[in-house]
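Q: Below you will find the structure I want to go over with you.
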Amino acid sequence: MKRTALIASLAAAMLAGCASVPPNSGENKADPWETMNRQTYAFNTTVDHYVFRPVAKGYKAVTPKPVRTCVSNMMDNLTEPRNAVNNVLQGKGNGAFVSFMRFIVNSTFGVFGCFDVASMGDLTPHSEDFGQTLGTWGVGNGPYLVLPFLGPSTVRDTVGLGGNYVTSIQSWIDPDWVGWTIWGVDMLDTRTRLLDLDEAIDSAIDPYAQMRNGYLQYRATLVNDGVPPDNTFLEDPGDSPAPDEPAASAKTQAKAAEPAPAAAAPAPAAKQN
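Numbering-wise, the sequence shown is residues -25 to -1, 1 to 248 according to mature numbering (1 follows the signal peptide of the UniProt record, and there is no 0).
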């Protein structure tokens, strides 16, 4: 009975997504696939409402903050090899060195990354991913794209997911179940970090549009090394989120580079970290 109810809810969400598509859908140059994207977004939101969000809230409720911070630091530490590779590909020698040293220092003195010892010195994070690398090389965003379960992305960032996977330590761990367990913990940690954004997204007049605009603006800022670009990647300045609206993405904002699970909160993902 419960399974039937869940399937019915998912089907209703898909129908709701179809019904809520505005008449001018597809006119935004950054989002020509809006009709399809809104349907996928409705599906993701329902899955998130019944699965990902409750699990994340439960984890946050029963797990002491120091433990959650330790887990988050460990997940961030696992992205440092990827950061180092992408810094090299972008010609950022200093960033590559810092990422490498952060991994060494935090993996040893920081107890496998549980404690961010490296940040106590001058080794501040230089987070990079393959989507950012492609952007640095001049590859355009391509159309905005909402991925099932993973959330907001673009064609460029979706291609970049392949590079992110190859350079992730957990992809090479043997036996496989250990690596997949780490991926699962990473997704749980990512969704938990995004809980604070839920209210802002849920209360928006058009949650889909707010997430899309926030994601595109945040990713453009990452490609420009933290410098907010103009809004030319949107159809017009009016599409840009207001200054007090949070930009959504893949691991909270530190890992916004990767799509967040279930797209009910913007992946402004990640651990797209």
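We treat Cβ as the ideally placed atom computed from N, Cα and C, and that holds for glycine.
(1) What is the DSSP secondary structure of D121, reduced to helix, strand or coil?
(2) Tell me which residue opens and which closes the alpha helix (DSSP H) that P29 is part of.
(3) Would you check if there are 3 or more beta carbon pairs closer than 8 Å linking the segment 96 to 113 to the segment 1 to 14?
(4) Using the rule of at least 16 other Cβ atoms within 10 Å of the residue's Cβ for burial, across every protein chain shown, is G159 buried or exposed?
(5) CB S143 to CB Y190, shorter than 9 Å?
(6) Just the Cα atoms here: how many angstroms apart are D91 and G113?
(7) Taking 9 Å as the threshold (C-beta atoms), are T10 and P182 in contact?
(8) Thinking C-beta only, is G154 closer than 9 Å to residue 251?
(9) For P123, which residues from the same chain have a beta carbon less than 8 Å from its beta carbon, with the 5 sequence-adjacent residues on both sides left out?
(10) Going by DSSP, which residues form a beta bridge with S128?
(11) For T167, does the count of other Cβ atoms within 10 angstroms reach 16, so buried, or fall short, so exposed?
(12) Quick one, are the C-beta atoms of L172 and K32 less than 9 Å apart?
(13) When you compare each of M49, M76, G135, V130 to I157 by their alpha carbons, which one comes out closest?
(14) Where does P204 fall in DSSP's three states?
(15) If you run the structure through DSSP and keep just helix, strand and coil, what is H101?
A: Once the coordinates are examined:
(1) The question names Asp, yet the displayed sequence has Val at residue 121. For V121, the secondary structure class from DSSP, reduced to helix, strand or coil, is strand.
(2) Taken as a continuous stretch (DSSP letters only), the alpha helix (DSSP H) holding P29 covers 28 to 37.
(3) With a cut-off of 8 Å on Cβ pairs, the segment 96 to 113 is not in contact with the segment 1 to 14, counting fewer than three such pairs.
(4) With fewer than 16 neighbouring CB atoms inside 10 Å of its own CB, G159 falls in the exposed class.
(5) Cβ distance not < 9 Å, so S143 and Y190 don't count as in contact.
(6) So the alpha carbons of these two residues sit roughly 33 Å apart.
(7) Cβ atoms of P182 and T10: not closer than 9 Å.
(8) This structure cannot settle anything about residue 251, because the visible part of the chain is limited to -25 through 248.
(9) Result list for P123: T15, F18, N19, in chain order.
(10) DSSP lists L120 as partners of S128.
(11) The residue in question, T167, is buried, as its Cβ has 16 or more Cβ neighbours within 10 Å.
(12) No; because the gap between Cβ atoms is not below 9 Å, this pair is not in contact.
(13) For the options M49, M76, G135, V130, the alpha carbon positioned closest to that of I157 is the one of M49.
(14) The answer is coil: DSSP assigns P204 none of H, G, I, E or B.
(15) Here H101 sits in coil by DSSP.
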